[in-house]
Amino acid sequence: MVLSEQQLQQVTNAISGLSPTQLAWLGGYFSGLSQTALVGQVTQTTPAANLTTALTATVLYGTQTGNSKKVATELQAALQAKGVTVTLSNIKDYRPQNLKKETRLYVVVSTQGNGEPPDEARAFYKFLQDKRAPRLEQLEYSVLALGDSSYEEFCQAGVLLDARLAELGAKPIVKRTDCDVDFAEPASSWQQAVIEQLPAAPSNVVSLRPNAVSAQVAQATDSFFAAEVLNRVSVTASQSDKDVYHIEFSLEDSGLSYAPGDILVVKTKNNPEFVAEFIQALGLDSSATVTTKTGNSSFAEALQERELTSLTRKQLKAYAELIGNETLVAELDAKADFEWLTDADWIDVVGRYPSTLSAQQWIDLLRVLQPRQYSIASSPSAHTDEVHLLIKRVEYTHLQRLHRGSASNALAQVELGDKVEIQVKPNAHFKLPQDPNTKVIMIGAGTGVAPFRSFLFEREAQGITGNTWLFFGEQRFRTDFLYQVEWQALLKSGALEKMSVAFSRDQTQKIYVQQRITENASAVYEWLQSGAHIYVCGDMNKMAKDVHQALVQVLVSAGKQSVEEAQNTLEQWISDGRYQRDVY
Amino acid sequence: MTKPTPKTFNVMVAKPSEVEHIKDKSRYLRGTLVESFADPITGAIAADDVQLIKFHGAYIEDDRDLRLERQERKLEPAYEFMIRVRVPGGDLNAQQWLKLTAIADQYANKTLRITTRQAMQFHGILKFDLKKSIQMMDEAVLDSIAACGDVNRNVMCTPDASLSAIHAQVFPYAQKISEHLLPRTRAYHEIWLDQPEGRTLVAGGEPEELEPLYGKHYLPRKFKVAIAIPPYNDTDVYINDIGLVAIAEGEKLVGFNVAVGGGLGMTFGREDTYPRLADTIGFCTPDQVLDVCYQIVSIQRDYGNRTDRKLSRFKYTLDQYGLEWFKAELNQRLGWDLAAAKPVEFITTGDQFGWRQTADGRWHLTLRVEYGRVKDTEEYQLKTALAQLSQYALDHAWTNFRLRLSANQNLVIANVEEADKAVVETLLTRYHYQLEAQHISGLRRNSIACVSLNTCPQAMAEAERYMPSLLDKLEPTLRQYGLLQEDIKIRMTGCPNGCGRSVMAEIGLIGKSPGRYNLYLGGDFQGERLNKLYRENLDEKALLSELDQLLGRYSVERLSGEHFGDFVIRAGIIRATLVGREFHQ
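Read top to bottom, the protein sequences are chains A and B.
Just remember that the numbering used here sits 80 ahead of the position in the first sequence, which is counted from 1.
Just remember that the numbering used here sits 4 ahead of the position in the second sequence, which is counted from 1.
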């Protein structure tokens, strides 16, 4: 027992008659107290007095990966420590009609690769974008936008929301902050700005140390476990056009755990030969000393941890400015066509626009190499103490040069016994239904089938049979049927009830998973009618959109809905978490 | 002798083998083939269907070179199908050749394979393409019905019209006999050609007259028929269940000697299995020959062993019950007695290469095709040459033009008019193909190898892929002994099942394990004597050394005109095998 009986009695007396909101506030208050060593000094504070003067605020998060939730939760704690009564909610659980009653709103929202809001925020966005959306003059707000600047539509979900709230008359009290993948620092600054903007805090309330929150955010992305490679095997045939690898890591003694649907974050380094090629293209000295955030190192070493294989327009512009290429700056400003940039790396850039930069300037220009995220392919129940990944080795020719993905190639080359830095990232929005009797439709193309291996092995390990239907797409039956023998075994055991496959290049007309869905419209509809959950994993632009369309078609053809009704049904299912997507 | 008891038609025998059960419940060869071929998750088919698909002319195989890799990569074996086209007498017209080339290119491994029984075989067809391949055959009025399975297989007849004045009279019997002994079930047409269901299903029952010859259990095992026209025995007539030897009077076909009970397959480690040559039991006229074949098949249907498939070939039935019993049973079923056999003489089992003319003025060109593999290589492009020739023949209305497959895996370009010879020569030359076989050694000219690895599931060692390099190593020895142009018959098979007819060779090689072969000696050149095991489990070095010694002795000690296979017996190197039962002694 944490409290003595007497203490418990005192607490019970003190909180009798409080409303749920007040109790929630107290929760935050005590939590704030617990994080300071100065408990003794606040004993004179009279919580009851503060209750009457407390500000209220709502913090919403819309997340695909969990980062927004993390930041929002930190903000909640910081606000509560300032005596603010905070309602924290996932956007999907928030009734947008309540916006009219809100006075203070903070939204942390991530953006999907194509510039769309996360699936679970769609109903919220739809409500706001409607021409009947209410005026929100009473509302003060601020938006923290999370994104990845390697995408063209960087932070677009946040940008849109910010613009629309302002359009509806709400006042932006703290300017929107757009965060790139290394969001910890800007998120922390935004949070501080939010806190500083608050009206003067009620007296005697002890605030947290200002850096505590950001330190926590940063820490979350720093703790990696060096996992031993147990197996690395190609799972496409040697005659395949592609190279896909199954990799197994040991989690023994890692303290890490995961659930099916979760994500593995993997930190790798650039290939030293590739770094050497880049340095040669620059004509610089690989042993030159450069200073990074973590101290001094050689140029070559530092480059192993910089993003070299991809770059953004923004970075190209920064580079153009540094080399003083005004024409290029002007072209970039004029939004001239830079199609070549999409698949280009920095060697391509310096080939076209020779570098005049020093080693240090390069280190300052280049982004830190980001850990890569992959859907976990294993089941914690079936593959005890292991975590598996399914990785497509990225290799393509662009601008007459062979380009190789940094992380996928590093992983494709790991040897048994090597250690790789990993971290588990929960993915609350890609989870099997709680009720094992709920039907499950899984749609995955290419390596997008990985989480379904996790799902199905988990169900098998738990002795759950039936109610699962897997749609899988790849190029060729003979060479690319990823995990073929495992699906066959799962079908045999009954953990997998049905499997439909589409091999696009086995016939003259290409056939994809979406065709298999529409071909099976009545059966798919039947499953949906009986409450099936839908899971989609794979490439967003190439596949998820087409699958969505196919689902619309199923509802139209078999369910006799209008296209609009079908769209709404799917939107609703997205909001309800019945239609979950893990797309990239 | 055991007193024979016939099987009751459409009733299972007492202790049936597994395959008998499969046939019994197959609804006349339908099984679950439709379901198996619709299953998109595997390239394989259900276990029972693996047996049944043979009756439709196909075998499931897998690329054995890829087995280990695929196992490691979580992929099932690279399942694929071999399909064998039924080509009685190996006779194909230009349009059929073009279709077969298209099947090779679109669905198979881009090669056509002439078999040792004059059929055309494709390898590497994915399950999902098999139906399309069969439909493509059908467009050229070809099928694969009964090309494999426990039925009468492709009927052979010498393809070379230039070899005999009566060829034109004899040749059509290959087609006639094949048709006469075909299964009557509609399963093939339903499953592959989407034709309406046969009477069995419509009626709900299984009328017995549906398969008047075979019944629902078909034969105990495969059954083979061949025709030879003396003095050429290129079809190896005595290795067949029924060997028909055409008898001429002047330039007229008067009938056939009937020989029964040939068959080459055996199982290592079971001395009760052995190759056996057919015994000549009599003579029949051309108008009797269909009935003779039919009744012989029916006897094997009723008396063959259906318990142990290793002993279920017709040859064992004959050895079990005796030839006299068989003749009596046959005569009874025929309702008349076979006449006495006529004397015949054979001189060779080989093909005669190069251009040859027939009395009608037409020309015939026999090309050597290395182990029957029609393909394009960097060195030569035979597949392209033949496809273009066929197209030319179609375009120029060469109505008599034929491409004929020989039992020695070679090809006869048949019925070319004098004026068109140049076209044939130009095309072959353009694609770097030799018109003659004089440029290669006599040993190579007379060599046969079965398909074996990497596709045949039975293979224990290489054959087709290895034979050329083995010959490369043997030829210096031949040169050294002055034997380079000597006709010596060498044959290699990757297992003891006999597709390459190794036990009929003067130098027979049968694979035991990768890189190891048994060496058999003493077969004759004209196909009338089996050979015998000489050395076991030889690796290449040991094999070359043995052959070096044997050929060295042959070059010095042979009599004038004496074939190698006769020499080794006369010299006491090996004992002659006079009957199949003594093969292992």
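Ideal Cβ positions, reconstructed from N, Cα and C, are used throughout, including at glycine.
Residue-level contact check: isoleucine 45/B touches chain A, since one or more beta carbons of chain A fall below 8 Å from its beta carbon. Look at cysteine 617/A here: in three-state DSSP terms it is strand. Among the residues of chain A, none has a CB under 7 Å from the CB of leucine 134/B; the nearest is roughly 13 Å distant.
Within the segment 114-201 of chain B, the complete alpha helix (DSSP H) runs of at least 4 residues fall at 131-143, 171-174, 176-184, 191-197.
Under the DSSP assignment, asparagine 522/B falls in the beta strand (DSSP E) whose first and last residues are 520-525. Within the segment 321-349 of chain B, no residue places its CB atom closer than 9 Å to a CB of chain A.
The Cβ-Cβ distance between glutamate 73/B and glycine 47/B does not fall below 8 Å. Per DSSP, reduced to three states, the secondary structure at arginine 312/A is strand. Check the Cα spacing between tyrosine 435/B and each of Ala391/B, Leu415/B, Thr497/B: the tightest is with Ala391/B. At a Cβ-Cβ threshold of 8 Å, lysine 19/B and threonine 311/B count as neighbours. Counting only the Cα atoms, lysine 349/A lies some 34 Å from alanine 410/A.
The Cβ atoms of arginine 372/B and alanine 441/B sit closer than 8 Å to each other. Assigned with DSSP and collapsed to three states, threonine 271/B falls in coil, not helix or strand. Beta-bridge analysis with DSSP links aspartate 95/B to Arg408/B. In the three-state reduction of the DSSP assignment, serine 584/A falls in the coil class, being assigned neither a helical nor a strand state.
Look at tyrosine 476/A here: in three-state DSSP terms it is strand.
Note on the segment 432-459 of chain B: whole beta strand (DSSP E) runs with a minimum of 3 residues are 451-453, in chain order. By the 16-neighbour rule on beta-carbons within 10 angstroms, alanine 332/B is exposed. Here tyrosine 538/B carries a strand assignment [DSSP, helix/strand/coil]. Relative to the Cα of serine 459/A, the nearest Cα in the group Arg484/A, Lys415/A, Leu344/A, Gly546/A belongs to Leu344/A. Contact check for threonine 352/B against asparagine 244/B fails: the beta carbons are separated by 8 Å or more.
Your pair glycine 195/A and glutamate 220/A does not check out as a contact, with CB atoms roughly 26 Å apart and the cut at 8 Å.
Under DSSP, tryptophan 549/A takes part in a beta bridge, and its partners are Ile521/A, Lys578/A. For the segment 450-466 of chain A, there are no residues whose beta carbon sits under 8 Å from a beta carbon of chain B. For the C-beta of leucine 72/B, not a single chain A residue is nearer than 8 Å; the gap to the nearest is close to 11 Å. DSSP places leucine 224/A in no alpha helix (DSSP H) but in the uninterrupted beta strand (DSSP E) bounded by 220-226. One alpha carbon belongs to glycine 61/B, the other to leucine 102/B, and they sit about 20 Å apart.
Taken through DSSP and simplified to helix, strand or coil, isoleucine 492/B comes out as coil. Taking a beta-carbon distance threshold of 8 Å, valine 581/A counts as an interface residue toward chain B. Within 8 Å of the CB of alanine 62/B, no CB atom of chain A is found; the nearest one sits about 17 Å away. Within a 10 Å sphere around the beta-carbon of glutamine 304/B sit 16 or more other beta-carbons, which makes this residue buried.
The beta carbon of leucine 457/B does not come within 8 Å of any beta carbon belonging to chain A, so the residue lies off that interface. Between serine 268/A and threonine 257/A, the gap from beta carbon to beta carbon reaches 8 Å or more. By the CB criterion at 8 Å, valine 634/A and tyrosine 605/A fall inside the cutoff. Among the residues facing chain A, alanine 82/B is included, as its CB has a counterpart in that chain under 8 Å away. Beta-bridge partners of asparagine 376/A (DSSP): Thr371/A.
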